[in-house]
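Remarks on the structure that follows.
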Amino acid sequence: KKKEKMSKEGEEGRGRRNAIRLHEAYTVETVVVADSDMVHYHGAEAAQRFLLTVMNMVYNMFHHRSLGIRINIRVTKLVLLHSRPGKLKVGHHGERALESFCHWQYQEFGGPRYLGTNHVPGGRDDTPPVDTAVLVT
Numbered sequence: 119k120k121k122e123k124m125s126k127e128g129e130e131g132r133g134r135r136n137a138i139r140l141h142e143a144y145t146v147e148t149v150v151v152a153d154s155d156m157v158h159y160h161g162a163e164a165a166q167r168f169l170l171t172v173m174n175m176v177y178n179m180f181h182h183r184s185l186g187i188r189i190n191i192r193v194t195k196l197v198l199l200h201s202r203p204g205k206l207k208v209g210h211h212g213e214r215a216l217e218s219f220c221h222w223q224y225q226e227f228g229g230p231r232y233l234g235t236n237h238v239p240g241g242r243d244d245t246p247p248v249d250t251a252v253l254v255t
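Each residue of the sequence shown is one higher than the last, beginning at 119 in my numbering.
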């Protein structure tokens with residue numbers, strides 16, 4: 119009897135988890151980069167179609183009501199690499215490839231030119247501000 123009472127109290131005391139309910143929507147500006155191996159294997163048109171389809175799925179996932187907040191994933195720039203830049207080392211070692219991509223994308227799309235969505239004077243006019251970068255290999 120004691121065990122039964124304790125488990126009921128524990129369930130009642132714990133209560134139901136509620137997601138944070140905010141009325142604002144947030145936008146995550148994203149650059150999506152397709153590695154040259156992917157572009158060569160599938161072709162530029164198919165790679166672009168694939169990436170936009172996947173990013174549309176990601177956009178829809180971030181709109182799921184269980185999150186309790188609306189997050190818009192916006193593809194600000196789609197880059198199809200036809201040749202791999204010298205500073206971008208992508209191979210079978212995932213950690214090294216990720217580190218290389220982080221450094222490369224920071225030089226290309228981040229750095230002192232842009233900080234999130236705040237434009238820093240003197241930046242490149244052709245590169246929109248980004249919050250995150252995705253590499254697809």
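Where is the CB? At the ideal position from N, CA and C, for every residue including glycine.
Nothing here was measured: the structure is a model prediction, and the numbers come from that model.
| Query | Result |
| --- | --- |
| Assigned exposure category for residue 163 - 16 Cβ within 10 Å defines buried | exposed |
| Anticipated Cβ contact below 8 Å, residue 198 with residue 251, distance rounded | Not a contact, Cβ separation roughly 14 Å. |
| Touch test, the segment 193-207 against the segment 141-160, Cβ-Cβ under 8 Å, three pairs minimum | yes |
| Span of the alpha helix (DSSP H), counted from its first residue to its last, around residue 142 | No alpha helix (DSSP H) holds residue 142; DSSP gives it neither H nor E. |
| Exposed unless 16 or more other CB atoms sit within 10 angstroms - verdict on residue 213 | exposed |
| Three-way DSSP call (helix, strand, coil) for residue 171 in this model | helix |
| Residue span of the alpha helix (DSSP H) that contains residue 216, given as start and end | 212-227 |
| Straight-line gap, residue 236 to residue 247 (C-alpha atoms, nearest Å) | Unreliable placement is indicated for residue 236, whose pLDDT of 47 sits below 50; no coordinate value is reported for it. |
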